[in-house]
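Numbering (my numbering), first residue to last: -9 to 315.
Glycine included, each C-beta is placed from N, C-alpha and C at the ideal position.
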Ligand SMILES: O=P(O)(O)O[C@@H]1C[C@H](O)[C@@H](CO)O1
Ligand SMILES: O=c1cc[nH]c(=O)[nH]1
């Protein structure tokens, strides 16, 4: 595909300062990378000596991430269908990162579908390596998505939540990481225009709602999300409910565990990104995820449907404007 046809429409001055160059390729703020003869993307099982990144990934336009390898393989096959692509008879998609035994990565046309594991450190490591992969492949204007699951706050199970903003457990919208013994703070900012574009892709015939709001990115599934059912708990049910209602009043609509670093590192690199999750439950009604597996599995496909429809729409725009895929 012509890599200039899906334009990054953001304020170029601002994002340019952060990392994106005017030609759409982006510059990562790390002078050491330019001096390295080889870069081993250890957790992806790839390196710049053995693999030709431009040949392998030069046509990538969209990178979709989600917690589990199973979800991201399913998404890859779903994309084949949505994009009308066919594998040669008798062949299957391969996990490009299978040798790493960490993340799983599939490529379907201009889309990478990658598992990120659970929590900020896991997706953070992946983001470092994926951004370097995109840089070495000379990819222009990539768009990143997280297609995940979450706990809704006053939001019914099965509802899709698109994150407008991300905060940590103390309400701060910065990703904070100790670097050389000092705290480095990076603002967690999602691309507002991309959120609007996603909302335009919502199918009015859907039997479920799609909402937007603030996402609380927790460092834990249990106490960190005010659950009563972890191995430990030092608060009462009344205190938990007061906390959840306070969050709801502040505009927080869901809990998950990756949004903060996802928003912060993509923003720092000048890359557009959106976090689209389905709620497994409404936390105002309980803590346990006891929805039947088959129902959860169907719900998990809802963010996939929305993001796939966004991707299809963008690719169709390219075709209509006469540019080759
Ligand atoms: O994308 P997934 O469904 O893996 O994300 C959420 C947040 C945590 O990683 C995990 C907790 O169950 O689910
Ligand atoms: O409640 C939930 C469900 C999924 N993921 C979370 O982080 N929390």
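Below-7 Å beta-carbon distance, residue i vs any chain D residue
i: residue 100; result: In the structure shown, chain D cannot be found, because there is only a single protein chain.
Same chain, Cβ closer than 7 Å to residue i, neighbours up to 5 away in sequence not counted
i: residue 3; result: For residue 3, the predicted structure reports a pLDDT of 33, less than 50, and the residue's modelled location is therefore unreliable. A value from the coordinates is still provided. For residue 3, where only same-chain residues beyond five positions count, there are no Cβ hits under 7 Å.
i: residue 177; result: 163, 164, 254, 257
i: residue 303; result: 191
i: residue 30; result: 37
i: residue 24; result: none
Integer-rounded CB distance, given that residue j should sit under 8 Å from residue i
i: residue 234; j: residue 273; result: 6 Å
i: residue 94; j: residue 127; result: That pair is no contact at about 19 Å.
i: residue 106; j: residue 55; result: 5 Å
i: residue 47; j: residue 123; result: 6 Å
i: residue 83; j: residue 75; result: With a Cβ gap of about 10 Å, residue 83 and residue 75 do not count as contacting.
Residues bridged to residue i [DSSP beta-bridge criterion]
i: residue 206; result: 157, 245
i: residue 172; result: 169
i: residue 51; result: Answer by DSSP bridge pairing: none, since residue 51 is not bridged.
i: residue 262; result: 133
i: residue 95; result: 104
i: residue 152; result: 202, 266
i: residue 139; result: 268
7 Å Cβ cutoff met for residue i and residue j
i: residue 62; j: residue 259; result: no
i: residue 132; j: residue 53; result: yes
i: residue 202; j: residue 244; result: no
i: residue 119; j: residue 237; result: no
i: residue 150; j: residue 79; result: no
i: residue 184; j: residue 292; result: no
i: residue 103; j: residue 43; result: no
i: residue 208; j: residue 215; result: yes
i: residue 108; j: residue 159; result: no
Neighbourhood of residue i by C-beta, 6 Å cutoff - its chain only, sequence neighbours within 5 removed
i: residue 300; result: 188, 191
i: residue 86; result: 95
Spatial neighbours of residue i in its chain, beta-carbon cut-off 8 Å, leaving aside the 5 residues before and after
i: residue 265; result: 135, 136, 138, 152, 153, 156, 180, 205, 246, 248, 249, 252, 253
i: residue 15; result: 125, 128, 129, 130
i: residue 110; result: 165, 207, 209, 247, 248, 250, 251
Per the contact definition of three or more C-beta pairs closer than 8 Å, is the stretch 260 to 269 in contact with the stretch 144 to 153? yes
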